[in-house]
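Counting with the working numbering, you get residues 6 to 606 for the letters of the sequence shown.
All C-beta atoms in this analysis are idealised placements derived from N, C-alpha and C, irrespective of residue type, glycine included.
Fair warning: this is a prediction, and the values are worked out from it, not measured in the lab.
Have a look at the structure below before the remarks.
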Amino acid sequence: MTLTPIEWILIGAYFVLMLWIGIRYKAESGKDTESYFLGGRKTPWWMLGFSGSVSNFDIAGSTWIVGMFFFLGFKAFNMFWAFAFLIAAFLMSYLAGWIRRTGVMTAAELVRARFGDDRGAKLARFASALATSAFFLFALGYSFVGVSKFIVSILPYDEKICASVLMLITGCYVLLGGFKGVILSDVIQAMLLNLCGLAVGIAAFVSMDVEALHAAVDPSPLPVWSMPDLKSAAVPEGYHMYAMFGPFFILFLFKGLLGGAASPGGCYEEQRFLATGSPRDAALTGAAWGGFLVFRWIMLGSIAFIALTSLESGGDPERVLGQTVFGLLPGWLRGIMITGFLAAFMSTFSSTLNGVSSIIVRDIIEPARPGLSEAKLVRLSYATTFGCILIGLAIGWFADSIQTIWVWMQLALMPSLLFPNLLRWYWWRMNGWGYASGVIAGLVVANLQYFRQPLFDALGLTELHATWTTIHVFDLYVFPFNGVVVVLACIGGSLLTKPTASSSLSEFFEKVRPKGLWGPVRSASSMTDQAYTAPNGIEHPARIILNIILAKVALMALFIAPLYFVGHWFTHALVAAAAFAAAATALYFTWYRRLERTTEP
6 MTLTPIEWIL IGAYFVLMLW IGIRYKAESG KDTESYFLGG RKTPWWMLGF
56 SGSVSNFDIA GSTWIVGMFF FLGFKAFNMF WAFAFLIAAF LMSYLAGWIR
106 RTGVMTAAEL VRARFGDDRG AKLARFASAL ATSAFFLFAL GYSFVGVSKF
156 IVSILPYDEK ICASVLMLIT GCYVLLGGFK GVILSDVIQA MLLNLCGLAV
206 GIAAFVSMDV EALHAAVDPS PLPVWSMPDL KSAAVPEGYH MYAMFGPFFI
256 LFLFKGLLGG AASPGGCYEE QRFLATGSPR DAALTGAAWG GFLVFRWIML
306 GSIAFIALTS LESGGDPERV LGQTVFGLLP GWLRGIMITG FLAAFMSTFS
356 STLNGVSSII VRDIIEPARP GLSEAKLVRL SYATTFGCIL IGLAIGWFAD
406 SIQTIWVWMQ LALMPSLLFP NLLRWYWWRM NGWGYASGVI AGLVVANLQY
456 FRQPLFDALG LTELHATWTT IHVFDLYVFP FNGVVVVLAC IGGSLLTKPT
506 ASSSLSEFFE KVRPKGLWGP VRSASSMTDQ AYTAPNGIEH PARIILNIIL
556 AKVALMALFI APLYFVGHWF THALVAAAAF AAAATALYFT WYRRLERTTE
606 P
């Protein structure tokens, strides 16, 4: 496909604007590391919500979602729970406020606030930074694969070289502009992508073959135990696993619940809440983050609808997005969509890059070299950002599939962070040694699984590995297996060593007010019940659970109602819209009116 001069001008103008933002905020972001990585904690919550939503509007994830929707229809929403609905519900209900009340700068720095400054706490902070950095460096590679699969449809050059150029351009404005540059560019990108979502939804509503769509798609989002059609030879390799739909649905639901209760992720996600002015703003950021993603689902669902009525099944599902955008959308929409998806790549890449470089500087370099001046730390931030770009390029250059790297990141590597983060919020006896033991154990088993092919070959078990891979034993059981290993390591490491110092526990408890198994610390505290549950009782356990359920229903209905409307399932759209209205109204009284009005430090 050849781009028109107007499309080249539009894309070029967008890149110039992004680089100008980086140059514009270079002086302001270079004052100190808090300005560089958190914008001085003065960014409005709605901008942070926009930024967070567009940071999850990544092109690699979008490519994967369209492919999943192409094969699973509305059933695919059950696989999106883990990162689209449950986490946002937990954040807005209480967890975003907890994160903000810690007052730290990075997620790994939060470990020091929780466990103190003893040797175990220092090891925990280093282990957390190491695991988080590994996860998000692979996320940079994941973004590389996604944009390369997309860009091959529009440029007559090597896809990996084109993706490398895009990563370097994006890295320039991140390196120069710091957090403020990232946020402003994210807001602009969010507006562009939301416009694209509405435009694609309108185009799909008006032009697609409705009868063919209704014949191809079951509008029910309710899960089923199995989908035998996905065992067909026409289904691409890597997607046969979803024929066992029920077990994978349970796995993703379990992962979503744990992930929502643990933390949003450990890198750029926490930054958005730490950068707010108060816990109230952090909660509003969590709600805005989830709500603004509605435009992503309108866009991707509409693209999948068009593909389902126009493309033949089979082939690489990770190319469905590009084939639809460049081959099936109206010409007037193509240039906007190209720029929009490049913005999706750049927004996610920039947020991940800023987040992972902040962790490396604040939690690995700075503790190893105490006493460095702010000027030297800012220079190190520049160097670290550039180094992360190169590592992301290397990872992406040798990766072949979005599905492969996503499954390993989410199901194998994620437990090394998820379970220690979960226990540190809700169990007072968890200490730095336990946290570090869990993270390190998780990293070890995840890397053994990543290199399992040569390991099985060396042991003469090649045929066994091929059989297990065919029936997706690793895909289905890797997350619970790794989770058990990590939890046992956390509990063992904690109980075999001394508890965290009572002074550190008391300071963390009184500042954050966590819920769960904190009985001994709660008994020793002089905090009143009213202070413990926050003003108006918004953090009473029963109210937290109620708000999580209402938020989940509201988000699910908000995302799915426009898709039903675009697909001409008008009765379904009306039911979903009514469910959203009812849940949102209830949240106004049970959540919004009870949010803290004070601006805590």
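Please go through the same chain and pick out, in chain order, the residues whose beta-carbon is closer than 7 Å to the beta-carbon of residue i, but skip the five residues on each side of it.
i: Ala287; result: Ala101, Gly102, Ile104, Arg105, Phe278 and Thr281
i: Ile476; result: Here Ile476 scores only 49 on pLDDT, less than 50, and its place in the model is too uncertain to base an answer on.
i: Phe585; result: Ala559, Ala562, Leu563 and Ala566
i: Phe95; result: Gly265, Ala266 and Ile553
i: Ala600; result: The sequence shown places Leu at residue 600, rather than the Ala named in the question. Only Arg285, Ala288 and Ile543 meet the Cβ criterion.
i: Lys165; result: Ser153 and Trp402
Under a Cβ-count criterion, where at least 16 other Cβ atoms within 10 Å of its own Cβ denotes burial, should residue i be classed as buried or exposed?
i: Lys236; result: exposed
i: Ala589; result: buried
i: Arg374; result: exposed
i: Ile364; result: buried
i: Ser307; result: buried
i: Thr107; result: buried
i: Ile92; result: buried
i: Gly182; result: A caution first: Gly182 carries a pLDDT of 49, below 50, which makes its placement in the model too unreliable to give a value.
i: Phe594; result: exposed
i: Met84; result: buried
i: Thr533; result: exposed
i: Asp234; result: exposed
i: Lys381; result: exposed
i: Phe42; result: Per-residue confidence for Phe42 stands at a pLDDT of 47, beneath the threshold of 50, marking its modelled position as unreliable; no derived number is given.
i: Ala126; result: buried
i: Ile550; result: exposed
Check for me: the alpha helix (DSSP H) holding residue i runs from which residue to which?
i: Lys260; result: Phe250 to Ala267
i: His219; result: Val215 to Ala221
i: Phe140; result: Arg124 to Ile156
i: Thr68; result: Ile64 to Leu77
i: Asn552; result: Pro546 to Val571
i: Thr390; result: Glu379 to Phe403
i: Arg301; result: Val299 to Ser315
i: Val517; result: Ser507 to Val517
i: Tyr455; result: Gly437 to Tyr455
i: Ile92; result: Leu91 to Phe95
i: Val229; result: Val229 -> no alpha helix (DSSP H), and no H or E assigned at all.
i: Asp534; result: Asp534 to Tyr537
i: Trp430; result: Pro420 to Tyr431
i: Ser98; result: Premise fails: Ser98 is in no alpha helix (DSSP H) and is neither H nor E.
i: Tyr244; result: Neither: Tyr244 is in no alpha helix (DSSP H) and is coded neither H nor E.
i: Ala591; result: Phe575 to Thr595
i: Phe331; result: Val325 to Gly332
i: Arg527; result: Gly524 to Ala529
By Cβ distance below 6 Å, which residues in the same chain neighbour residue i in space, the five residues on each side in sequence not counted?
i: Gly78; result: Val222 and Asp223
i: Pro425; result: Tyr440, Gly443, Val444 and Cys495
i: Thr329; result: Ile308, Ile311 and Ala312
i: Lys36; result: For Lys36, the pLDDT reaches just 47, beneath the cut-off of 50, and the residue's location in the model is therefore unreliable, although a value from the coordinates is still provided. Same-chain partners within the cutoff: there are none.
i: Gly295; result: Ala93 and Leu560
To which residues of the same chain is residue i closer than 8 Å at the C-beta, ignoring the five residues directly before and after it?
i: Tyr569; result: Pro224, Phe575, His577, Ala578 and Ala581
i: Ala506; result: Gly121 and Asp123
Assuming residue i contacts residue j (C-beta within less than 8 Å), just tell me the rounded distance between them.
i: Gly251; j: Val215; result: Their Cβ separation, rounded to whole angstroms, is 30 Å, which puts Gly251 and Val215 out of contact at 8 Å.
i: Ala134; j: Phe297; result: Ala134 to Phe297, Cβ: 29 Å. No contact.
i: Phe513; j: Ser530; result: Phe513 to Ser530, Cβ: 11 Å. No contact.
i: Phe55; j: Val192; result: 5 Å
i: Leu326; j: Ser67; result: 6 Å
i: Gly17; j: Met172; result: The pair is not a contact, with the Cβ atoms about 18 Å apart (cut-off 8 Å).
i: Val571; j: Ile303; result: 7 Å
i: Ala217; j: Thr314; result: 4 Å
i: Leu197; j: Phe300; result: Actually they do not touch by this definition, with Cβ atoms about 10 Å apart.
i: Phe149; j: Ala136; result: Rounded, the Cβ-Cβ distance is 21 Å, inconsistent with contact.
i: Leu416; j: Asp480; result: 7 Å
i: Cys201; j: Gly345; result: 4 Å
With the cut-off set at 8 Å, would you say residue i and residue j are in Cβ contact?
i: Ile70; j: Val152; result: no
i: Pro372; j: Arg130; result: yes
i: Pro525; j: Trp430; result: no
i: Val489; j: Ala446; result: no
i: Phe75; j: Pro322; result: yes
i: Ala556; j: Ser98; result: yes
i: Trp413; j: Ser499; result: no
i: Leu53; j: Thr290; result: yes
i: Val361; j: Phe141; result: yes
i: Val607; j: Leu385; result: The structure shown does not extend to residue 607, since the chain is modelled only from 6 through 606, so no value can be given for it.
i: Val292; j: Trp51; result: It is Ala, not Val, that sits at residue 292 in the sequence shown. Not closer than 8 Å, so no.
Does any residue of chain D bring its CB to less than 8 Å from the CB of residue i?
i: Val491; result: Chain labels in this structure do not include chain D; a single protein chain is all it has.
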